[in-house]
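In this note's numbering, the protein residues as written are 158 to 338.
Yeah, the Cβ is synthetic: ideal placement off N, Cα and C, and Gly gets one too.
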């Protein structure tokens, strides 16, 4: 369990180029995310035998994107680039509808990103750990709709830039990074 604390995940960039709802409650979206995975362990590689990324917003799932399995060497940073593009039924009620309407008016939207993993540690001496399930919670990203001149959000992100967001890693139900992300 201890070596997993040397693996860090960050959302380093994200762009939302399409995000609108039609009169028949269909959400059209196009979201690209760049996530860095840094293995800071000097002797251990990580085999990601399964990895997917999913997105949701306002209480609704958007998409699940399976990524190509890979092995990450020690002292290495790897970049994942999931793209969420498509359409989804999007009937909102209550507080979810109010949040969406307010965000639409402001020109920026809250979208949550999460990764699901199956990993194995590969030790320098030739041994390996058993396969472990992990979840990476990147929380809600506040994203302006690119090309929308009414976007004015300026706390953690701006229309012209994206502030890196640290993700929380949970392996076998145990937190491996601080609760504050």
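- By the C-beta density criterion, residue 251 is exposed, having fewer than 16 other C-beta atoms within 10 angstroms.
- The criterion of a C-beta distance shorter than 7 Å is satisfied by residue 269 and residue 297.
- Within 10 angstroms of the beta-carbon of residue 228 lie fewer than 16 other beta-carbons, which makes it exposed.
- Taking every protein chain shown into account, the CB of residue 161 has 16 or more other CB atoms within 10 angstroms, so this residue is buried.
- Between the beta-carbon of residue 207 and that of residue 274 there is about 7 Å, and that keeps the pair under the 8 Å contact cut.
- Here the alpha carbon of residue 205 sits roughly 12 Å from the alpha carbon of residue 196.
- The Cβ neighbour count for residue 300, taken over all protein chains shown within 10 Å, is at least 16; the residue is labelled buried.
- When C-alpha distances from residue 243 are compared across 184, 318, 168, the shortest belongs to 184.
- Per DSSP, the beta-bridge partners of residue 301 are 265.
- Here residue 223 has 209 as same chain residues with Cβ atoms under 7 Å from its own Cβ, once five neighbours each way along the sequence are excluded.
- Within a 10 Å sphere around the beta-carbon of residue 212 sit 16 or more other beta-carbons, which makes this residue buried.
- Annotated three-state conformation of residue 179 is coil, per DSSP.
- Cα atoms of residue 179 and residue 257: separation of roughly 14 Å, rounded to the nearest angstrom.
- Excluding sequence positions up to five before and after residue 255, its CB lies less than 7 Å from no other CB in the same chain.
- Residue pairing of residue 220 in beta bridges, as defined by DSSP: 212.
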